[in-house]
Amino acid sequence: MIIDIVTGVLLLVGALFFLAGTLGLLRFPDVYTRLHALTKADNVGLGLIVIALMLQADSWFVVGKLLLIWILILLAGSGVAHLVASTAQKRGLKPWKK
Amino acid sequence: MDTLYLSLALFLLLTLLVGMWRIFQGPTPADRMLAAQLFGTTAVACLLLLAQALEEQALRDVALVFALLAVVTAVAFVKRAWTAKDDH
Amino acid sequence: MTPVFLYALVGIVLFSIGLYGLILYKHLLRKILAINIMGSGVFLVMVALAARTEEGVPDAVPHAMVITGIVVAVSATALALALMLRVNEKTGQAVLPEDRET
Amino acid sequence: MEEIDLLLLFDAVLGFTLVWLAWQTLSSLDLFRAVVLFIAFGLLMALAWVRLDAPDVALAEATIGAGLTGALLLSALAQLSARQKHESETSLFLRLTLGVLMFFLLIGLGYIVFSLPPQALGLSVEVAKNIELSAVANPVTAVLINYRSYDTLLELGVLLLALLAVWSLGSASTRKSAFVNPVLDLLTRILVPVFILVSGYLLWVGAFAPGGAFQAGAVLAAAGVLLFLNDWHLESKYTGFALRSVLVIGLVMFIAIGFGFVFLDRVFLEYPPELAGGFILLIEAAASLSIGIILAALFLGRDPSVKSDSCSDIDTGVHK
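Which chain is which? The protein sequence lines are D, C, H and U, in order.
Quick note on the numbering used here: the first sequence kicks off at 59 and runs consecutively.
Quick note on the numbering used here: the second sequence kicks off at 49 and runs consecutively.
Quick note on the numbering used here: the third sequence kicks off at 112 and runs consecutively.
Quick note on the numbering used here: the fourth sequence kicks off at 449 and runs consecutively.
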């Protein structure tokens, strides 16, 4: 029962991070800040959802697979974020200033 | 519990729809591509929720493959398609 | 409306949109995208109709055909893109000769 | 809300988005935007397959539709000459006429589909009845490699033909990218083994659960694409005979095993049930290797054994 409640809360907070990431992608002024928003959804949002589902998993195999998916997304997300940001800088995109 | 999973999956699909605006708007190619990246992650989360709700193991494999393939498109974009002429 | 017919309908609409785009737009990349969308529409109709079984176990034959179809579609796309690049290299624009604007 | 309602709502949103994305992809004048929208379209198609109870197809779409096709399109787009003429608007009359025609087509096709019986077994009974004979528990794999193996055999041929055609077009100019990024290098080093592992997993699991040769091959191809994107190239001593034998091994293995049993009084491509399991795995392993390498070679776009002189246009920056 308690596990179900914890799962529910984690899922909801995770979904909230996805919402925040999406809104950030829409509202932030330039590539660099949007990257920041995107990685929140990638890392934290998915992470929370994965942890929630791990609590409900019925075998260690499923737990492992979920963890692998998250690690892959973490790796890919951070790698790609770096690539995009450094390429943007090389191409001369100026970071937004107030 | 299943209702929660399904409503969250639907919710994620809706955030995806909203995020589509960035693909339309740009302005730089990178912005469009970032939106597509977010699409990939959202789809992974959606698949994991569906896998739990519908009790279908295979959907986790689909999510795994999604997670892998997202990198390939992103790298293809950075290394090949992002050319200076497109930046405004 | 059951999900089966919903997706079959979506498939038909995709096919029609794809055909419209294939005929109307001149740039070869857009034509290639249009053919891919038409293909997706056909696949969607096939798989949707395969889900009409009673016991809830869909018919595996259309599924197998669609998987084959997806792989053929990607190889055809690769060939089409190579041809497009060739046309582009020779003429400077990626359109068919009859569509060329001078 | 009821779960069924939620799922139906999910389907409705998904269906609407698919149609809308397709329309926006095609009507977009900016080619890059069209390609990104098409990638998003592929992602959502995979979700549609999941909802239609077709996880095998979803796996194929996730690797190919959303991944490889996207990489192919992005790479081709980069090689188009910088100044593409913007298309002039087509006349309103033409668009209207075509629109009306397509509308009639839609009505006609819609009528046909809706007049089909809501329940139809198709061949599912036959597939289920003979599943024990096929030696695999996943019906889709059974259809692909056993019941309808002609399709799969010919498909391998189609892939090879496509590759031959691309090679015969000669070398499109390959642009080397300007910089080598240590992060990308590390990412490739970590991910390529994972790709290969997942590919093997999909191949193995294909016997009893969604997965199989095509999906495994496509994931393998993705590893190749990632390597090529990181400016990796096959050493020239492997590009000749070694590469070519890997390209055809799927086809050769398929035909050899197919013919092998002809001498034991069976028809072409019929396997004895007691041995079918092992042979199917053998064929699948060879086929996925071939499929993977062919798809990766299609991405590369030119015969690697032909020395290309077009690598001279490397732009400035740090080099390996």
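By construction, the Cβ of each residue, glycine as well, lies at the ideal position given by its N, Cα and C atoms.
Since we're looking at a predicted model, the values are computed, not measured.
{"Query": "For residue 148/D, report the span of its alpha helix (DSSP H) as first-last.", "Result": "118–148"}
{"Query": "Taking the straight line between their C-alpha atoms, what separation do you get for residue 71/C and residue 689/U?", "Result": "45 angstroms"}
{"Query": "Tell me, please, whether the CB atom of residue 759/U is closer than 7 angstroms to any CB atom in chain C?", "Result": "Low confidence applies here, because residue 759/U scores a pLDDT of 44, under 50, leaving its location unreliable; read the following figure in that light. Not an interface residue."}
{"Query": "DSSP state of residue 681/U, grouped into three classes?", "Result": "coil"}
{"Query": "Residue 603/U versus chain H: which residues are under 8 angstroms apart at the beta carbon?", "Result": "179, 182 and 183"}
{"Query": "Residue 631/U touches chain D at which residues, Cβ-Cβ below 7 angstroms?", "Result": "137, 140 and 141"}
{"Query": "Alpha carbon to alpha carbon, how far is residue 698/U from residue 184/H?", "Result": "19 angstroms"}
{"Query": "Give the residues of chain C in contact with residue 92/D, contact being defined as C-beta atoms less than 9 angstroms apart.", "Result": "70, 78, 79, 82 and 83"}
{"Query": "Got a sec? Which residues, its chain only, sit under 6 angstroms from residue 169/H by beta carbon, not counting five neighbours each side?", "Result": "161 and 162"}
{"Query": "Quick one: which chain C residues come within Cβ less than 7 angstroms of residue 511/U?", "Result": "113 and 117"}
{"Query": "Residue 206/H by DSSP, collapsed to three states: which one?", "Result": "strand"}
{"Query": "Shorter than 7 angstroms from the beta carbon of residue 92/C to some beta carbon of chain U?", "Result": "no"}
{"Query": "Does the beta-carbon of residue 762/U have 16 or more other beta-carbons within 10 angstroms, so that it is buried, or is it exposed?", "Result": "Residue confidence is low: residue 762/U scores 39 on pLDDT, short of 50, so the model does not pin down where it sits. Its coordinate-derived value is still stated next. Per the 10 Å Cβ criterion, exposed."}
{"Query": "Work out the CA separation of residue 202/H and residue 650/U for me, nearest whole Å.", "Result": "44 angstroms"}
{"Query": "I'd like the span of the alpha helix (DSSP H) that includes residue 710/U, first residue to last.", "Result": "Looking at the DSSP string, residue 710/U is not in any alpha helix (DSSP H), and its letter there is neither H nor E."}
{"Query": "When the cut-off is 7 angstroms and only beta carbons count, does residue 61/C lie next to chain U?", "Result": "yes"}
{"Query": "Would you mind sorting residue 480/U into buried or exposed? The rule is 16 or more other CB atoms within 10 Å of its CB.", "Result": "buried"}
{"Query": "So the candidates are 156/D, 102/D, 63/D and 121/D; which of them puts its Cα closest to the Cα of residue 73/D?", "Result": "102/D"}
{"Query": "Please classify residue 61/C: is it buried, with 16 or more other beta-carbons within 10 angstroms of its beta-carbon, or exposed?", "Result": "buried"}
{"Query": "Does residue 96/D get closer than 7 angstroms to chain C when you measure Cβ to Cβ?", "Result": "yes"}
{"Query": "Is the shortest distance between the beta-carbon of residue 552/U and the beta-carbons of chain H less than 7 angstroms?", "Result": "no"}
{"Query": "Comparing C-alpha positions only, which one of 687/U, 613/U, 659/U and 640/U sits nearest to residue 669/U?", "Result": "640/U"}
{"Query": "Of the residues 134/D, 124/D and 118/D, which one's Cα is nearest the Cα of residue 96/D?", "Result": "134/D"}
{"Query": "Return the residues of the region 632–657 of chain U that lie within a Cβ-Cβ distance of less than 8 angstroms from chain D, sorted by chain order.", "Result": "632, 634, 635, 638, 639 and 642"}
{"Query": "In the DSSP assignment, find the unbroken alpha helix (DSSP H) run with residue 452/U in it and report its ends.", "Result": "451–475"}
{"Query": "Please classify residue 603/U as buried or exposed, where buried requires at least 16 other C-beta atoms within 10 Å of its C-beta.", "Result": "buried"}
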